[in-house]
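Peer 1: Residue numbers (my numbering): 6 to 312. The C-beta atom is built at its ideal place from N, Cα and C for all residues, glycine as well. Take this structure, written in structure tokens, and hold onto it; I'll ask about it next.
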């Protein structure tokens, strides 16, 4: 008898839209692999819904707060339903970017210099020499990210907006020029490395991530073999240091600009990477020989509690 899989997507985070796309794509692929699938748009009554549906496994296709920060993982532990991706601690830790950086750095993973400040303070004066990056402490998909360039005389006033929805504390980091690289980890194996080039502009923002044609993915990344291998090593080390399980994806910057520093840093680890048709993990898995259906099947068969 086929396993009954509940695919959780939607929710109410800033990343609801991409979560709906991820969930729909994964549900369709799982059905194609022969699973019985219940696609659930998560609301506050999710515990009652799961009790009624009674799945064998939960495929977590949620992104952002509640779905990616250890909260839904804790609920699934209480309900004792095996689930995909990382567990409570790793999810909470990776989502809290400043805390994750401390753990990664202690494990020997290079991270950009940065500090956490109040957004009002960051709007009043430059807290780091430009160029630098301001990002919410606990959001994904480049939501709320601001790049302050060298020619910007005043700090960003967007931080003072009344509809700023990302908390009063922000992470401010030195900007690392050069390439945007990403590498996925599947279990205990680092997959390939993609060089992400925005089709327009210079920043891999939300639209570049999820809009068709928003970015150009060069796979395998055209970098020196020793750097390629180093990216894979850092992605795996970061995954293990944070205690991630299943699939994760590390985002990095590599300064190979003319006269640049040669710096290679890990920006963050995504414990719930996107799984849409334009997403990076399915592309990396395909490069490693997995169809999309085989990838989601691997994730379901990897699902457990106590992750």
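DSSP three-state call for residue 170: helix, strand or coil?
Peer 2: Your numbering for residue 170 matches position 165 in the chain shown. Residue 170 falls in the coil class under three-state DSSP.
Peer 1: Give the single residue among 94, 172 and 35 whose Cα lies nearest to the Cα of residue 247.
Peer 2: Here residue 247 is taken as the residue at index 242 of the chain shown, counted from 1. Answer by Cα proximity: 94.
Peer 1: Apply the 10 Å Cβ neighbour rule to residue 262 and answer buried if 16 or more other Cβ atoms are within range, or exposed otherwise.
Peer 2: Counting from one through the chain shown, the residue named residue 262 turns up at place 257. Per the 10 Å Cβ criterion, exposed.
Peer 1: Would you kindly work out how many angstroms separate the C-alpha atoms of residue 51 and residue 232, rounded to a whole number?
Peer 2: Numbered from 1 along the chain shown, position 46 holds the residue referred to as residue 51. Numbered from 1 along the chain shown, position 227 holds the residue referred to as residue 232. Their backbone Cα atoms lie some 44 Å apart in a straight line.
Peer 1: Helix or strand or just coil, what does DSSP make of residue 184?
Peer 2: As a working note, residue 184 is residue 179 in the chain shown. Residue 184: strand per DSSP, three-state reduction.
Peer 1: Our contact map puts residue 271 next to residue 249 with C-beta atoms below 8 Å; I'd like the distance itself, whole angstroms only.
Peer 2: Counted from its first residue, the chain shown places residue 271 at position 266. Counted from its first residue, the chain shown places residue 249 at position 244. About 13 Å; that fails the 8 Å criterion.
Peer 1: Could you tell me the distance, in whole angstroms, from the CA atom of residue 37 to the CA atom of residue 154?
Peer 2: Counted from its first residue, the chain shown places residue 37 at position 32. Counted from its first residue, the chain shown places residue 154 at position 149. Cα to Cα, the separation comes out at about 47 Å.
Peer 1: Give the secondary structure of residue 136 by DSSP, where H, G and I count as helix, E and B as strand, and everything else as coil.
Peer 2: For this step, residue 136 is matched to residue 131 along the chain shown. Coil at residue 136, not helix or strand.
Peer 1: Does residue 18 come out as helix, strand or coil in the three-state DSSP assignment?
Peer 2: Your numbering for residue 18 matches position 13 in the chain shown. In the structure shown, residue 18 sits in coil (DSSP, three-state: anything other than H, G, I, E or B).
Peer 1: Taking the alpha-carbon positions, what's the residue 117 to residue 257 distance?
Peer 2: Position 112 of the chain shown, counted from the first residue, corresponds to residue 117. Position 252 of the chain shown, counted from the first residue, corresponds to residue 257. One C-alpha to the other measures close to 10 Å.
Peer 1: Along the chain, where does the beta strand (DSSP E) that runs through residue 46 open and close?
Peer 2: Taking the first residue of the chain shown as 1, we reach residue 46 at position 41. 41-47 is the extent of the beta strand (DSSP E) around residue 46.
Peer 1: Could you have a look at residue 316 and say whether DSSP puts it in helix, strand or coil?
Peer 2: No statement about residue 316 is possible, as the shown extent of the chain runs from 6 to 312 and does not include it.
Peer 1: Decide if the stretch 234-245 is in contact with the stretch 168-175; the criterion is three or more beta carbon pairs, one per stretch, under 8 Å apart.
Peer 2: Result no; under three Cβ-Cβ pairs closer than 8 Å.
Peer 1: Under three-state DSSP, which class holds residue 197?
Peer 2: Here residue 197 corresponds to residue number 192 of the chain shown, with the count starting at 1. Of the three classes helix, strand and coil, the one that applies to residue 197 here is strand, per DSSP.
Peer 1: CB-CB under 6 Å to residue 7, same chain, minus the five flanking residues each way: which ones, in chain order?
Peer 2: Working through the chain shown from its first residue, we reach residue 7 at position 2. Answer for residue 7: 39, 40 and 41, listed in chain order.
Peer 1: Does DSSP put residue 243 in a helix, in a strand, or in coil?
Peer 2: What you label residue 243 is simply residue 238 of the chain shown in a count that begins at 1. The answer is helix: DSSP assigns residue 243 an H, G or I state.
Peer 1: Start and end of the alpha helix (DSSP H) containing residue 291?
Peer 2: Residue numbering aside, residue 291 sits at position 286 when the chain shown is read from its first letter. Its alpha helix (DSSP H) spans residues 285-292.
Peer 1: Would you give the residue range spanned by the beta strand (DSSP E) that residue 66 belongs to?
Peer 2: Numbered from 1 along the chain shown, position 61 holds the residue referred to as residue 66. Neither: residue 66 is in no beta strand (DSSP E) and is coded neither H nor E.
Peer 1: Relative to the C-alpha of residue 193, which residue among 68, 165, 251 and 311 is closest?
Peer 2: By 1-based counting over the chain shown, the position of residue 193 is 188. Per the Cα distances, 251.
Peer 1: Among 309, 254 and 183, whose alpha-carbon lies nearest the alpha-carbon of residue 264?
Peer 2: Position 259 of the chain shown, counting from 1, holds the residue named residue 264. With distances taken between Cα atoms, residue 264 lies closest to 183.
Peer 1: Which residues bound the alpha helix (DSSP H) around residue 307?
Peer 2: Sequence index remark: in the chain shown, residue 307 carries index 302 (1-based). Here the alpha helix (DSSP H) through residue 307 covers 297-307.
Peer 1: Would you call the stretch 126-134 and the stretch 282-299 in contact, with 3 or more CB pairs under 8 Å?
Peer 2: The stretch 126-134, when compared against the stretch 282-299, does not touch it at the 8 Å Cβ threshold.
Peer 1: Can you name the start and end residues of the alpha helix (DSSP H) that residue 58 belongs to?
Peer 2: Residue mapping note: residue 58 aligns to position 53 of the chain shown, counting from 1. Unbroken alpha helix (DSSP H) run through residue 58: 51-58.
Peer 1: Taking only three categories from DSSP, how would you classify residue 178?
Peer 2: Taking the chain shown and counting its residues from 1, one reaches residue 178 at position 173. The answer is strand: DSSP assigns residue 178 an E or B state.
Peer 1: Apply the 10 Å Cβ neighbour rule to residue 11 and answer buried if 16 or more other Cβ atoms are within range, or exposed otherwise.
Peer 2: Position 6 of the chain shown holds residue 11. Result: buried.
Peer 1: Just the C-alpha distance for residue 90 and residue 84, rounded to the nearest angstrom, thanks.
Peer 2: By 1-based counting over the chain shown, the position of residue 90 is 85. By 1-based counting over the chain shown, the position of residue 84 is 79. Spanning the two alpha carbons is a distance of roughly 17 Å.
Peer 1: Among all the DSSP beta bridges, which residues are the ones paired with residue 231?
Peer 2: Stepping through the chain shown from its first residue, residue 231 is reached at position 226. Its beta-bridge partners do not exist; DSSP assigns none.
Peer 1: Need the endpoints of the beta strand (DSSP E) that residue 272 sits in, please.
Peer 2: Against the chain shown, residue 272 aligns to sequence position 267. Here the beta strand (DSSP E) through residue 272 covers 269-275.
Peer 1: Could you pull the start and end residues of the beta strand (DSSP E) that residue 257 belongs to?
Peer 2: Numbered from 1 along the chain shown, position 252 holds the residue referred to as residue 257. Residues 252-259.
Peer 1: Pull up the distance between the alpha-carbon of residue 208 and that of residue 279, whole angstroms please.
Peer 2: On the chain shown, position 203 is the one that residue 208 refers to. On the chain shown, position 274 is the one that residue 279 refers to. At residue 208, the pLDDT of 49 sits below 50, so the modelled position is not reliable; the number obtained from the coordinates is stated separately. Computed Cα separation, rounded: 18 Å.
Peer 1: Going by C-alpha to C-alpha distance, which of 144, 18 and 167 sits closest to residue 100?
Peer 2: Counting from one through the chain shown, the residue named residue 100 turns up at place 95. It is 144 whose Cα lies nearest to the Cα of residue 100.
Peer 1: Under DSSP, the alpha helix (DSSP H) around residue 96 begins and ends at which residues?
Peer 2: By 1-based counting over the chain shown, the position of residue 96 is 91. Counting along the chain, the alpha helix (DSSP H) containing residue 96 begins and ends at 93-100.
Peer 1: For residue 312, which of helix, strand or coil comes out of DSSP?
Peer 2: By 1-based counting over the chain shown, the position of residue 312 is 307. Correct three-state label for residue 312: coil.
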